[in-house]
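Have a look at the structure below, then the notes.
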Amino acid sequence: MKAPVWLNTIHHDGSEKYVSALYPRLGERVRLRVRTGAEAPVTRVLLRTFPDGEQQLQPLTRGPVEGPVQWWEGELVIAEPSVHYRFVIEAEGQVWHYGAGGATLAIPPDAYDFRVLADYEPPAWVLESVFYQIFPERFANGDPANDPQPDEWEYRGHRPQTLPWGELPPEDAPHSTTFYGGDLLGVQQRLEHLERLGVNAIYFNPVFTAHTPHKYDVVDYEAVDPHFGGDEALIALSEALHARGMRYILDIVPNHCGYWHGWFQAARADPDAPEAAFFTFDAHPDQYASWLGVWVLPKLNYRSKELRRRIYRGKQAVFRRWLRPPFNADGWRVDVGNMLARQGETQLGRKIVRGIRRAVKQARPDAYLMAENFFDATAQLQGDQWDAVMNYQGLAIPLSHWLVGLRMGAFGLEEPVVGEAPWPTEALARTWRNVRGAIPWAVALQQFNVLNSHDTSRLHTVLEGNIALQRLAAIVQFTYPGVPCIYYGDEIGMEDQPGLGPRGCMVWDEAEWDQTLWEFYRTLVALRRQSPILQRGGFQILALEEALLAYQRESPAGRILVIAQRSATPRPAGPLPVAHGGIVDGTRFVEHFTGQEAIVAQGALPLPALPQGATLWEAVT
C-alpha cells in the first residue's frame, strides 16, 4: 500500500516549537503541538501515553491554521523520570500511529515513541560548542627536549625513533615506535590557529603515560606522559584554554590498560596480589583476556570492587581527579564504550557506566561524558548513561555510504562487505531516523557528530579529494542535530599519509593549505556557533530524490534548509516542494555561501540548477 501524500505534512519532534520545555521538571505539565497539513483529511488526533505501564489516550485540541499548517495541541504531565508518547491519528477511515519512527498503520513498539526526560541536567555548554579533535603526538612539537629517545624502552626489538616533523616513516617502521615529538606545549603555542578557525572546545586523544604514540596502552592513569610535558603542561594548557573561553575533554581507556601498567605487572608477578582480580587470567601469568586478543592491552575486569574504587568510585578515583583543580577538564571521551565491562558471561556494562556517570557528575555536574561506539548505542543514550557517543552510526557511516557506496568491515575480516549499487537516499534518511528516533530529543541534541577521526581514513581521502563532496559532508555535519567536531587538519585539506594513515603530522606551512577550504570551515564554524536554530532547532526531512536529500532545521528563531546533491550531474533548475514543512508562500530564503535568493511560491522553493555539493538556505524576514 502506498502511503498517502498528506502523511508528509505530519510533524513533531522534541524541539521548542513542539514541546514547551526541553528540560522539564518532574510533575511539570508541558504543552505539546503536532503539525498536519491544513488540507489533510485528519478528523482527530489523540495523545497516547503509558503512565505506570497502562495505556492512556487523550484527544488533542484542534488549534489554529497557519498557512499550510493545521496545529493540534494538548498537555503532557511529566509524572515519571522518562515519559514516552506518540500520536494516534484518525483519517479517511484509518488509524495511523505517529512516533519518532514515523507514521505507520502497524502498531509500533514503544521504543520508537517520542521521549521526554524529567529533571535531566545536561552539559548545557555543549550545545553552543564546535569541537576540534587533536592527536597530541602529531599536532605540534613545542619542546624537542622531551621527545622520546631510543634508549628509553624497547618493543619487540624496536626502540622509539623521533623523526623530523612531517617526514614520512620508513616502510618497515613500526607505528608503535614512530614518534614526531608532538606535545601539550605545542598545542598551547598553536591556540591562535584554533581561535582563527573559531572552535571553542577540544577533544584530546589520550595524554596519560604510555609507550605508543596513540597512548591507548596506558601505563599510568595518574600522570600525564612526560613526553607530552607532564602534569604541569596540562595545567598550563588548561589555564590557557579557559582564559580564551575554550573547553576541553580528555580521552580515557577504562576497558583495558597497557601491558606495562603497574597494576598488570603486579598481577603477573603475584596471583594473590590485589591487582590480580583486575584481570582475567586463563593461565597465570601469560594467558589472559585482552582487547580483541591484542596482548599489549589486557582487559580490565569490573567484578573487582577495588578496581571500581580506583577507576570511578573512590574520592580520588581517576574519573573524578582530572575534572578537579588544577586540571579542570570539562569532560571525558571514553574509549570503546560499547565494550566496557562486558566479557562473556559477565555483562556489567550498564551498571558500570551508570556508576561512572554518577562519579563524573558528582565531581563536575556540567561535565560532558561522551563515549566511542561505532554501532548501536541507543540503549546507552537514554539519559542515565552516556551524554553522547561519537555519532558514527547515527550520522557519519550512513552519510559515507550515501556519498561513496556501502562498505562494511569488522575486526579480523579480510574482505569487506561492499555494495556495488549506489546507496538509496531513502536508506540514508531511514537510518538517521532509526537512530535519532530511538533516543530522547534532549540527548540527540548533544551527540558528538564526527565525519572521521584517528580511527578512520580522513574525509579528504575517502572522497578521493572531491572538495564539493567534502563541503557537502561538512555542511551536513554542522547542520544535523548534535555537536560537530573537526578532526585536526581536515580544515586545510589534509589526507591520509603512507605509514601514518589519518595520524599524520599537522601541516603548519600555510602555503600547503587549501585556503578556500580553510575559509569555508571558518564560515561554517561561525554559523554553527551563532545559530540557535542549528543548536536547538527541530529537524525534518523535506525531500528524497535519487541523488538529493533536503531537510530543514526550525525554531522560533527561524528556519534553515539544507539541500545535499551527491551526483556529478547537476540537478536541473526547478521547484522543491516545501509546504509540507509548514513553510508559507512568500517566505524568502538566502543561500548562505553565495547570497542567491529564492521565494516560496505555490508551496515550492524555486531552485537554480544544483551542482554536486550542498547549499544552505536561511529564511529571512
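According to this note's numbering, the residues represented by the sequence shown are 1295 to 1915, in order. The beta carbon of each residue, even a glycine, is placed where N, CA and C say it ideally should be.
With 16 as the cutoff for other CB atoms within 10 Å, does residue i come out buried or exposed?
i, result
"Ala1736", "buried"
"Arg1860", "buried"
"His1578", "exposed"
"Ala1334", "buried"
"Ile1401", "exposed"
"Phe1289", "In the structure as shown, the chain begins at 1295 and stops at 1915. Residue 1289 is therefore absent and cannot be evaluated."
"Ile1893", "exposed"
"Glu1666", "buried"
"Gln1687", "buried"
"Lys1296", "exposed"
"Trp1616", "buried"
Quick one: give me the first and last residue of the beta strand (DSSP E) that residue i is part of.
i, result
"Thr1337", "1336 to 1343"
"Phe1887", "Looking at the DSSP string, Phe1887 is not in any beta strand (DSSP E), and its letter there is neither H nor E."
"Arg1323", "1323 to 1331"
"Val1377", "1376 to 1385"
"Tyr1392", "1388 to 1393"
"Glu1912", "1907 to 1914"
"Arg1356", "1355 to 1360"
Quick check on residue i: does DSSP put it in helix, strand or coil?
i, result
"Thr1959", "Outside the displayed span of the chain (1295 to 1915) sits residue 1959, for which this structure offers no information."
"Gly1643", "helix"
"Trp1626", "strand"
"Asp1545", "strand"
"Lys1311", "coil"
"Asn1728", "helix"
"Val1894", "coil"
"Leu1745", "coil"
"Phe1599", "It is worth fixing the name first, because residue 1599 is Lys in this sequence and not Phe. Helix at Lys1599."
"Leu1591", "coil"
"Ala1715", "coil"
"Phe1433", "coil"
"Arg1752", "coil"
"Phe1705", "coil"
"Thr1863", "coil"
"Arg1408", "This sequence places Phe at residue 1408; Arg is not what is there. Strand, per DSSP."
Suppose contacts are defined by Cβ-Cβ distances below 8 Å. Is residue i in contact with residue j by that definition?
i, j, result
"Cys1799", "Tyr1497", "no"
"Gly1832", "Glu1848", "yes"
"Val1336", "Ile1383", "yes"
"Thr1471", "Leu1457", "no"
"Ile1835", "Ile1854", "no"
"Pro1417", "Asp1678", "no"
"Leu1485", "Arg1538", "yes"
"Ala1475", "Pro1507", "It is worth fixing the name first, because residue 1475 is Gly in this sequence and not Ala. In this structure, Pro1507 does not lie closer than 8 Å to Gly1475 by Cβ."
"Leu1818", "Ile1761", "no"
"Ala1837", "Tyr1406", "no"
"Phe1575", "Ser1598", "no"
"Ala1567", "Tyr1596", "no"
"Asp1803", "Pro1796", "no"
"Tyr1815", "Leu1491", "yes"
"Gly1875", "Gln1846", "yes"
"Thr1303", "Thr1343", "no"
"Leu1354", "Leu1370", "no"
"Arg1730", "Ala1738", "yes"
"Arg1822", "Val1424", "yes"
"Ala1908", "Val1872", "no"
Short of 7 Å in beta carbon distance, which residues of its chain neighbour residue i, apart from the five on each side in sequence? Order them along the chain.
i, result
"Ala1895", "Asp1879"
"Tyr1774", "Leu1689, Asn1743"
"Ile1605", "Pro1548, Ala1611, Val1612, Phe1613"
"Val1420", "Tyr1662, Gln1740, Val1777"
"Pro1792", "Leu1462"
"Phe1558", "Cys1551, Phe1573, Pro1592"
"Ala1767", "Leu1693, Leu1697, Leu1745, Leu1753"
Using a Cβ-Cβ cutoff of less than 8 Å, which residues in the same chain neighbour residue i once the five nearest sequence positions on both sides are dropped?
i, result
"Trp1807", "Ile1786, Gly1787, Val1801"
"Arg1319", "Ile1372, Ala1412, Asp1413"
"Phe1428", "Rather than Phe, the amino acid found at residue 1428 in this sequence is Ile. Closer than 8 Å at the Cβ level, and outside the excluded window around Ile1428, lie Val1481, Ile1496, Tyr1497, Phe1498, Asn1499, Tyr1782."
"Val1518", "Leu1478, Val1501, Phe1502, Thr1503, Gly1524, Asp1525, Ala1527, Leu1528"
"His1536", "Asn1622"
"Ala1653", "Tyr1606, Arg1607, Ala1611, Phe1613, Arg1614"
"Ala1534", "Gln1482, Leu1485"
Which two residues bound the contiguous alpha helix (DSSP H) that contains residue i?
i, result
"His1536", "1524 to 1537"
The ligand NAP and residue i: does the residue's C-beta get closer than 7 Å to at least one heavy atom of that ligand?
i, result
"Val1424", "As presented, the structure is devoid of all ligands, the ligand NAP included, so that no description of it is given."
Here's a check: name, in chain order, each residue in its chain whose Cβ is nearer than 6 Å to the Cβ of residue i, leaving out the five neighbours to either side.
i, result
"Leu1811", "Gly1787"
"Asp1660", "Pro1417"
"Pro1905", "Pro1864"
"His1305", "Arg1329, Gln1834"
"Leu1843", "Thr1719, Ala1858"
"Thr1672", "Ala1732, Ile1733"
Examine chain C for any beta-carbon lying closer than 8 Å to the beta-carbon of residue i, and answer yes or no.
i, result
"His1695", "Within the model displayed, chain C is absent; a lone protein chain is all it includes."
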